[in-house]
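Chains as they are written, first to last, in UniProt numbering: chain A, 1 to 304; chain B, 1 to 304; chain C, 1 to 458; chain D, 1 to 458.
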Amino acid sequence: MSFVEYAEFIQEGDVAIIFMGHDSMFPVKVQQGAQTQTRYGVIRHSTDLIGRRFGSKVTCSKGGWVYVLHPTPELWTLNLPHRTQILYTTDIANITMMLELKPGSVVCESGTGSGSLSHAILRTIAPSGHLYTVEFHQQRAEKAIEEFREHKVDHLVTVLNQDVCKDGFGVMGVADAVFLDIPSPWEAIGHAKSAIKKQGGRLCSFSPCIEQVQRTCAALAEQGFGEICTLEVLLRVYDVRSVSLALPDFGPEDTLQTGLHVPGEEGTPAAPGANATVTCRTAMPPREMAGHTGYLTFATKSLV
Amino acid sequence: MSFVEYAEFIQEGDVAIIFMGHDSMFPVKVQQGAQTQTRYGVIRHSTDLIGRRFGSKVTCSKGGWVYVLHPTPELWTLNLPHRTQILYTTDIANITMMLELKPGSVVCESGTGSGSLSHAILRTIAPSGHLYTVEFHQQRAEKAIEEFREHKVDHLVTVLNQDVCKDGFGVMGVADAVFLDIPSPWEAIGHAKSAIKKQGGRLCSFSPCIEQVQRTCAALAEQGFGEICTLEVLLRVYDVRSVSLALPDFGPEDTLQTGLHVPGEEGTPAAPGANATVTCRTAMPPREMAGHTGYLTFATKSLV
Amino acid sequence: MANNMDDGIDAQCIIKEGDCVVMKRGDIFKAAQIQKKRKVIFEKQWLFLDNTIGELYGTTFEIASGGTLQPRKPKHTESSTEVKKAGTDNRNIVDDGRSQKLTRDDIETLKEQGLKGQEIVQQLIENSTTFTDKTEFAQEKYIKKKKKKYENTVMILKPSTRILAQMYHGREPGKICYLRYDSLAQMLTLANIHAGSKVIVFETCAGLVLGAVMERMGGHGSVIQMYPGGGPVRAGMESFGFPEHFHQTLHDFPLCKVQDLLGGRLSQDAPETDEAAPPKPEQQSPEAENMDTVPEAGRETEERDKRREDKAQERKTKMEEKRKKLLAAAALLEPRNADGLVIASRFHPCPVLLGLLKFMAPSRPFVVYCQYREPLIECYTKLREQGGAINLRLAETWLRHYQVLPNRTHPVLLMSGGGGYLLSGTTVLTSPAQPATGPAHRAEEPSPKRIKLQETDD
Amino acid sequence: MANNMDDGIDAQCIIKEGDCVVMKRGDIFKAAQIQKKRKVIFEKQWLFLDNTIGELYGTTFEIASGGTLQPRKPKHTESSTEVKKAGTDNRNIVDDGRSQKLTRDDIETLKEQGLKGQEIVQQLIENSTTFTDKTEFAQEKYIKKKKKKYENTVMILKPSTRILAQMYHGREPGKICYLRYDSLAQMLTLANIHAGSKVIVFETCAGLVLGAVMERMGGHGSVIQMYPGGGPVRAGMESFGFPEHFHQTLHDFPLCKVQDLLGGRLSQDAPETDEAAPPKPEQQSPEAENMDTVPEAGRETEERDKRREDKAQERKTKMEEKRKKLLAAAALLEPRNADGLVIASRFHPCPVLLGLLKFMAPSRPFVVYCQYREPLIECYTKLREQGGAINLRLAETWLRHYQVLPNRTHPVLLMSGGGGYLLSGTTVLTSPAQPATGPAHRAEEPSPKRIKLQETDD
């Protein structure tokens with residue numbers, strides 16, 4: 001397994017996702033002889049994981065069971081250790097498309113943060129692209145290097161521990177795309193411009209506050225970027241459910257039909273009486289959702 | 001009829017809404033002997049309108065028919081002559097509730113604009129409240145006075161033609177609520193404060209741009225307003241429709257059931273063959289909708 | 001307190017014993033009644049509201065030890081904890097969980113020393129080794145979190161639709177069918193609720209919607225609350241603390257008598273079975289009381305009889321009253337000329353709406369709230385088939401709050417996923433002679449063919 | 001042109017004859033192919049793209065008279081028409097429809113004089129008596145409107161998913177089932193599309209989704225396009241202008257042969273009826289061509305025979321090829337180990353998804369787009385019943401664009417009402433021995449009882 005190539009069977013050293021439910025999964029590093037505790041009991045790596053197919057149902061010691069999944073950047077995003085605020089899949093999807101990333105793309109990124117976006121970039125630019133990712137926080141940079149190695153994508157990525165606003169991306173004229181997620185992106189636009197290929201490329205800056213966006217857009221325009229465009233994407237996840245709706249009891253009907261009893265949606269006849277109900281399938285929005293992650297500002301650097 | 005009191009029958013001098021469809025209605029001033037042209041033919045006021053009930057179906061000369069509706073502030077908002085950008089019902093509803101307007105409230109408003117919000121305020125504060133509305137544009141102020149008279153709400157409103165930022169609302173310590181829809185609301189916060197009752201009251205400022213909101217919030221905090229809160233409300237109207245979905249043709253089924261043919265939602269059996277479809281009722285969002293009207297900033301002025 | 005009685009201050013703005021109030025801290029609201037020496041619980045703390053009496057609505061109180069309240073000095077309505085220096089980024093923050101030098105015990109000590117919440121937060125900031133290294137954004141979050149934890153204040157507000165709707169939505173959304181306050185705002189406006197009209201309300205939202213409608217009517221006109229089951233629910237309405245005369249405009253009518261009313265069997269039918277006893281003997285009982293000619297020995301029996309009679313009389317009077325009220329509500333409904341209809345319930349909106357529309361005058365607005373979209377789609381479809389209503393609109397609102405702060409302006413990170421769905425429309429006269437195929441009908445819903453064309457054209 | 005061939009410039013960045021390109025003005029996109037002396041129409045104007053050859057992608061061209069293009073001088077990518085003075089409000093503007101001193105004829109004259117669009121807009125501003133009295137907000141709107149009307153430029157872009165998805169959504173949303181570009185972005189990411197995998201695509205989105213998947217695969221791995229009816233639709237994919245080797249990774253398979261494939265009746269069954277003729281005689285025909293011994297008189301008959309044979313041969317070759325391709329696609333599907341499944345069609349997603357899931361490996365993501373919510377609710381329900389898929393999520397995205405300008409920052413006033421709905425999930429191995437009632441299942445959907453509790457509790 002690697003984060004850029006699917007494998008059929010679980011092997012020693014792999015990362016696997018133990019899936020117990022939407023909000024209940026975690027990654028494990030598969031090791032001969034190791035054990036993992038879950039609320040359904042113990043998973044023994046040697047017998048329960050190694051050699052089995054990804055996607056298998058594994059019965060834990062207490063009789064409950066879990067699924068073992070192949071890691072993907074999207075599952076990783078849901079399960080990674082947070083060292084910073086992270087980018088989530090909804091934004092990542094738009095960043096990837098709007099930066100026009102594809103196999104072979106060369107990308108510069110700062111900051112690396114918890115590596116959520118980095119993994120998604122690597123998946124998309126493999127097998128021939130490269131990611132230069134700059135992280136000013138030393139601890140985080142080191143952890144990222146370690147993760148990339150474990151996830152077998154280290155050949156595709158260079159991690160630099162420096163200040164992108166002062167020192168740039170460490171490369172010039174090589175990038176098809178630059179991504180910025182730093183407190184003052186406007187200070188890095190110049191470096192971003194020099195990192196981009198001579199014939200041009202795309203840029204994205206992610207910022208939670210509108211003031212950051214304003215300063216970044218001004219810097220982009222000043223530096224000659226075109227197609228400057230700021231957008232925001234929110235995800236509304238629906239919960240699919242069967243719900244019951246009571247039917248009103250208007251009292252005994254006259255011999256003259258007043259036509260009040262309307263059958264329910266699924267054809268249930270509306271029985272008179274206080275406790276009649278109809279059932280319907282619906283998709284409900286959650287009570288609370290992420291109302292804002294950040295603004296995405298995109299721009300094109302072109303030669304002309 | 002008046003905009004603050006329902007009537008049953010249409011009378012000379014009334015305003016009535018000729019309704020031909022959601023996006024096709026207009027107001028008429030009912031006058032003995034007058035005629036109104038519609039695409040379905042002529043409506044003769046004397047015979048077709050006067051003395052008939054609001055809500056009646058009126059057959060026009062060409063045989064088509066329309067409904068004649070009692071005016072409400074909401075129908076007026078959809079039909080009024082635009083002298084400026086107007087406030088729409090979705091924002092108005094929130095402004096009304098968040099300003100805590102009710103019968104008897106005294107309200108200060110600027111600018112009057114096309115009177116869309118003014119009518120809704122008057123409806124809510126009648127029969128004992130009062131609206132002081134300030135409009136710097138003379139032509140508009142005059143037109144507003146005329147409309148309020150025609151709509152029989154002039155006893156509830158005072159229109160002032162002056163600059164609210166320089167001259168305020170013309171009243172001091174009387175308002176339960178102040179509403180601002182002007183280019184530089186921060187310049188009017190002081191006047192708003194003096195217009196509000198000594199024991200306190202509510203304020204709302206509507207601005208399309210975030211920079212206006214920032215300056216207004218700063219001014220509100222400086223002037224000692226509390227509960228400062230900025231929000232935005234968008235309306236998503238759904239179009240209820242029956243839609244057809246094709247059923248896939250996987251080819252002739254084996255004697256061994258592969259279980260591919262799934263019946264459609266409404267129980268229609270999925271007939272094999274290329275042209276099978278199922279129908280379902282759905283509610284579709286429109287292709288385009290108002291993506292922004294303005295930010296609503298609310299605040300409380302309290303004595304303490 | 002006394003100085004609050006200055007000129008120009010409405011007596012209604014002063015907190016009085018017996019008042020219905022709402023306690024507020026941050027975004028948390030809770031309704032209460034002002035009663036002396038009565039503990040109330042708010043955010044896991046016991047409070048006595050005694051000291052609020054005589055103060056103005058809108059006052060913020062510090063919660064002192066023992067749960068007594070002290071009005072806060074003015075000017076600090078929204079306290080601003082001073083932040084001196086902010087790091088431009090957080091590159092230097094090492095996450096070792098040891099950046100706060102104050103221990104939990106230290107904080108408890110500070111609290112025991114009587115330090116106010118705001119002061120504790122300031123202490124925390126001063127003792128945080130990493131605070132000044134954090135970005136402003138991170139600092140803001142830190143302060144907010146700590147404030148919430150250590151600031152012990154409560155604001156006392158006068159109830160209103162704005163406040164109660166937010167309170168219910170925040171605390172007990174299940175009780176109000178998850179009706180969000182902006183959806184309620186839409187309902188009141190779309191239904192053109194105003195003084196002097198006759199409005200029918202059917203809700204299972206704890207009485208909140210009823211109260212909101214009554215606030216907008218200001219005690220003018222009439223409200224008929226239709227109710228399912230044993231009796232109307234009104235707790236939410238009662239939290240508004242309306243003056244007495246408002247209640248005189250409120251009527252109620254049981255849903256289960258709608259068929260009787262529509263069938264004309266209500267006014268002329270016989271009183272209900274438990275009212276069937278002939279009234280005469282009971283009417284005589286007051287006279288019996290005046291009889292003094294009864295011998296001593298019979299006294300006990302007499303008194304027992306009397307008690308029984310009193311009880312029966314009481315029941316009778318209640319029944320009579322109930323019946324009178326029912327007939328009064330029926331009299332309001334019978335002319336079928338209501339000016340507004342507002343529905344927000346856990347019931348399937350389709351039969352409810354179709355049933356209650358019958359009581360409306362033509363050219364009047366109605367609005368139905370439902371937590372789910374599907375039942376309103378059905379409702380819409382049925383109404384289109386049946387006629388009698390135009391201007392139908394199925395909609396949902398989308399509410400977003402903003403944080404507006406220097407260099408830190410952005411939408412609030414958490415938002416409500418949905419506020420429910422609204423179906424609104426306008427009643428019209430149905431003329432059965434004309435089938436519903438005229439141009440106005442066509443204008444409202446494009447035929448399937450036209451939809452097809454639109455879809456491929458645009 | 002010549003100087004564009006400097007070092008460091010990839011040849012792919014230069015516009016060449018035969019290239020697939022996208023023309024852009026403002027938010028309007030249109031695909032075209034670079035062909036010399038060939039008129040193309042864009043925004044009601046005829047253009048010749050000849051002069052774009054040799055220029056760089058991303059160049060903006062002025063449209064000169066006769067529709068020829070001239071590269072615009074650099075630096076003015078997004079022209080900024082200078083605004084000197086803005087009124088603080090528009091109190092003094094009297095709306096008499098006479099504020100523009102330039103008449104329509106004047107403007108036509110300016111155009112004939114060869115004035116560039118930008119200059120005309122400047123003229124209009126200078127001749128507007130009310131312009132400086134307008135608020136900045138109103139000025140902005142005015143300039144934008146006028147620019148759109150008078151600026152005659154076109155930008156030539158290299159096609160990409162970003163550009164083509166926006167183009168289709170803007171121009172012909174009906175052709176792509178109203179799939180909005182951000183929804184497409186979600187699909188590609190949720191399905192983990194990447195180089196080296198085996199992906200099944202079923203779409204009726206003009207080939208746009210297919211092209212987007214292929215772009216992300218970069219010519220590595222394989223794509224199997226399942227198609228309904230006569231043949232796969234690929235216009236959208238062809239607009240990408242992929243290099244030849246990309247096409248070798250693309251396979252297609254007709255939906256109507258899915259049952260045959262699943263039933264194992266595809267590889268071993270006889271060729272189809274029109275291929276049933278024994279191949280021998282046709283194989284001999286090339287040899288017949290070399291025979292020169294035929295007498296003159298028989299020549300005509302011979303030639304007719306030959307033509308007939310040639311035709312039959314041609315058909316035969318085609319059939320063989322088609323069959324070979326079908327079997328190649330079948331060979332990819334047969335092991336039932338596809339790594340990804342992407343569905344976006346006008347078909348009911350439920351049978352399509354349940355059918356095509358059978359070809360997937362376990363622990364692989366799938367994603368289904370539908371313009372409507374209800375069919376995906378059904379799909380979700382069926383999948384939950386059937387098992388074999390977890391991590392199910394029904395969602396919709398909400399896209400908002402912003403205008404970011406000094407003192408005029410706000411969300412764009414017009415937004416898309418909806419981008420469609422997505423159902424995504426992950427396949428798992430089904431073990432029929434264990435019924436689907438284990439804890440993992442329970443964790444995914446709370447039982448009705450738990451729902452009830454949650455609703456009242458929170």
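Ideal Cβ placement from N, Cα and C applies to all residues, glycine included.
Contact residues within the segment 94 to 109 of chain A, judged by C-beta distance below 7 Å to chain D: Listed by position, the residues of the segment 94 to 109 of chain A near chain D (Cβ gap below 7 Å) are N94, T96, M97, M98, E100, K102, P103 and G104.
Using a beta-carbon distance below 8 Å, is T282 (chain A) in contact with chain C? By one-based count along the first sequence, residue 282 (chain A) stands at place 282. Interface residue, yes.
So with Cβ pairs under 8 Å, would you call P81 (chain A) a contact of chain D? As a position in the first sequence, residue 81 (chain A) is number 81, starting the count at 1. It does not; no Cβ of chain D falls within 8 Å.
Establish whether the CB of L160 (chain A) and some CB of chain D are separated by less than 8 Å. Working through the first sequence from its first residue, we reach residue 160 (chain A) at position 160. Judged by the 8 Å Cβ criterion, L160 (chain A) is not in contact with chain D.
By DSSP's criteria, T72 (chain A) is part of a beta bridge. Which residues make up the other side? Residue mapping note: residue 72 (chain A) aligns to position 72 of the first sequence, counting from 1. For T72 (chain A), DSSP assigns no beta-bridge partner whatsoever.
Strictly by DSSP, which residues pair up with A246 (chain B)? Taking the second sequence and counting its residues from 1, one reaches residue 246 (chain B) at position 246. DSSP, once it has assigned bridges, lists B:T277 and D:F347 as partnering A246 (chain B).
Does the beta-carbon distance from L206 (chain D) to G236 (chain D) come in below 8 Å? In the fourth sequence, the residue the question calls residue 206 (chain D) occupies position 206. In the fourth sequence, the residue the question calls residue 236 (chain D) occupies position 236. Note that residue 206 (chain D) is Ala in the sequence shown here, rather than Leu. Cβ distance < 8 Å, so A206 (chain D) and G236 (chain D) count as in contact.
Between which two residues does the beta strand (DSSP E) carrying N94 (chain B) extend? What you label residue 94 (chain B) is simply residue 94 of the second sequence in a count that begins at 1. Secondary structure note for N94 (chain B): it is in no beta strand (DSSP E), and the uninterrupted alpha helix (DSSP H) holding it is T89 to M98.
Please list the partners that I92 (chain B) has in chain D, where partner means a Cβ-to-Cβ separation under 8 Å. As a working mapping, residue 92 (chain B) is identified with position 92 in the second sequence. Under the 8 Å cutoff, chain D gives no residues; its nearest Cβ is about 18 Å from I92 (chain B).
Excluding sequence positions up to five away, which residues of its chain have a Cβ less than 8 Å from the Cβ of K198 (chain A)? Locating residue 198 (chain A) in the first sequence gives position 198, where the first residue counts as 1. Excluding residues within five positions, the ones whose Cβ falls inside 8 Å are G173 and L303.
What residues of chain A sit near G13 (chain D), judged by a beta carbon separation below 7 Å? Reading the fourth sequence from its first residue, position 13 is the one you call residue 13 (chain D). Per the sequence presented here, residue 13 (chain D) reads as Cys, with Gly not at that position. Residues of chain A passing the Cβ test: Q199.
Please state if the CB of V171 (chain A) and the CB of A188 (chain A) are separated by a distance shorter than 8 Å. In the first sequence, counting from the first residue as 1, residue 188 (chain A) sits at position 188. In the first sequence, counting from the first residue as 1, residue 171 (chain A) sits at position 171. It is not a contact, given that the beta carbons lie outside the stated cut-off.
Kindly indicate which residue of A:L117, A:G190 and A:R83 has the alpha-carbon position closest to the one of L131 (chain A). In the first sequence, counting from the first residue as 1, residue 131 (chain A) sits at position 131. Among A:L117, A:G190 and A:R83, the Cα nearest to that of L131 (chain A) is on A:L117.
How would you label T201 (chain A), buried or exposed, when you count the other beta carbons within 10 angstroms and need 16 or more for buried? For the purposes of this step, residue 201 (chain A) is identified with residue 201 of the first sequence, where counting begins at 1. The displayed chain sequence assigns Gly, not Thr, to residue 201 (chain A). Its Cβ being crowded by 16 or more others within 10 Å, G201 (chain A) is buried.
Can you look up N4 (chain C) in the DSSP assignment and give me helix, strand or coil? As a position in the third sequence, residue 4 (chain C) is number 4, starting the count at 1. Note that N4 (chain C) has pLDDT 43, beneath the 50 cutoff, so the model's placement of it is unreliable and the number below is only indicative. Assigned with DSSP and collapsed to three states, N4 (chain C) falls in helix.
What is the rounded straight-line gap between the Cα of P248 (chain B) and the Cα of F29 (chain D)? Counted from its first residue, the second sequence places residue 248 (chain B) at position 248. Counted from its first residue, the fourth sequence places residue 29 (chain D) at position 29. As the crow flies, the alpha-carbon of P248 (chain B) is around 33 Å from that of F29 (chain D).
Compare the C-beta of C205 (chain D) against all C-beta atoms of chain B and say whether one is closer than 8 Å. Locating residue 205 (chain D) in the fourth sequence gives position 205, counting from the first residue. False, the Cβ-Cβ gap to chain B never drops below 8 Å.
Give a yes or no on whether 8 Å exceeds the smallest Cβ distance from E396 (chain C) to chain B. By 1-based counting over the third sequence, the position of residue 396 (chain C) is 396. Answer yes: the Cβ-Cβ gap between E396 (chain C) and chain B drops below 8 Å somewhere.
Among residues of its own chain, excluding the 5 on either side of E12 (chain A), which ones have a beta-carbon nearer than 7 Å to its beta-carbon? Your numbering for residue 12 (chain A) matches position 12 in the first sequence. The residues V30, Q31, Q32 and I50, in chain order, have a CB closer than 7 Å to that of E12 (chain A) in the same chain once the five nearest residues on each side in sequence are set aside.
Residue from B:D48, B:I10 and B:C229 with nearest C-alpha to I95 (chain B): On the second sequence, residue 95 (chain B) is found 95 positions in, with the first residue counted as 1. Answer by Cα proximity: B:C229.
Where the segment 250 to 261 of chain D meets chain B: residues whose CB sits under 7 Å from a CB there: Result list: L255, C256, K257, V258, Q259 and D260.
Going by DSSP, name the residue or residues bridged to R241 (chain B). Numbered from its first residue, the second sequence carries residue 241 (chain B) at position 241. As a beta-bridge residue in DSSP terms, R241 (chain B) pairs with B:T282.
Which partner residues of T426 (chain D) appear in the DSSP bridge assignment? Numbered from 1 along the fourth sequence, position 426 holds the residue referred to as residue 426 (chain D). When DSSP reads this structure, T426 (chain D) sits in a beta bridge with D:P365 and D:I390.
Could you tell me the alpha carbon to alpha carbon distance between H251 (chain C) and S183 (chain D), rounded to whole angstroms? For the purposes of this step, residue 251 (chain C) is identified with residue 251 of the third sequence, where counting begins at 1. For the purposes of this step, residue 183 (chain D) is identified with residue 183 of the fourth sequence, where counting begins at 1. Each residue's Cα considered, the two are about 51 Å apart.
Answer with yes or no whether the minimum CB distance from D249 (chain A) to chain C is below 8 Å. Counting from 1 along the first sequence, the entry for residue 249 (chain A) is found at position 249. For D249 (chain A), the answer is yes, since a Cβ of chain C falls inside 8 Å of its Cβ.
Does the beta-carbon of P254 (chain D) have 16 or more other beta-carbons within 10 angstroms, so that it is buried, or is it exposed? The residue you call residue 254 (chain D) lines up with position 254 of the fourth sequence. The C-beta of P254 (chain D) has 16 or more other C-beta atoms within 10 Å across all chains shown, which makes the residue buried.
On the DSSP bridge assignment, give the partners of I228 (chain B) in chain order. The residue you call residue 228 (chain B) lines up with position 228 of the second sequence. Paired residue(s): none; I228 (chain B) is not in a bridge.
In the DSSP output, what is H251 (chain C) paired with across the bridge? Position 251 of the third sequence holds residue 251 (chain C). Looking at the DSSP assignment, H251 (chain C) forms a beta bridge with C:I224.
Closest to I176 (chain D) by CA distance: which of D:L354, D:V201, D:L208 and D:G196 is it? Counted from its first residue, the fourth sequence places residue 176 (chain D) at position 176. Closest option to I176 (chain D), Cα to Cα, is D:L208.
Does any residue of chain B have a CB that is nearer than 8 Å to the CB of S222 (chain C)? The residue labelled residue 222 (chain C) in the question sits at position 222 within the third sequence. At a cut-off of 8 Å between C-beta atoms, S222 (chain C) does not count as an interface residue with respect to chain B.
Length of the line joining the Cα atoms of E17 (chain D) and M187 (chain D): The residue given as residue 17 (chain D) occupies position 17 in the fourth sequence. The residue given as residue 187 (chain D) occupies position 187 in the fourth sequence. Inter-residue distance for E17 (chain D) and M187 (chain D) is about 33 Å (C-alpha atoms, whole angstroms).
Beta-carbon neighbours of I210 (chain A), restricted to chain D and to distances below 9 Å: Position 210 of the first sequence, counted from the first residue, corresponds to residue 210 (chain A). Correct list: Y402, V404 and T409.
Candidates C:D10, C:G420 and C:F48: closest to P286 (chain A) by CA position: If you number the first sequence from 1, residue 286 (chain A) lands on position 286. The residue from C:D10, C:G420 and C:F48 with its alpha-carbon nearest to that of P286 (chain A) is C:G420.
Count the C-beta pairs between the segment 100 to 108 of chain B and the segment 215 to 223 of chain C that are closer than 8 Å, then say yes if the count reaches three, no if not. The segment 100 to 108 of chain B is in contact with the segment 215 to 223 of chain C.
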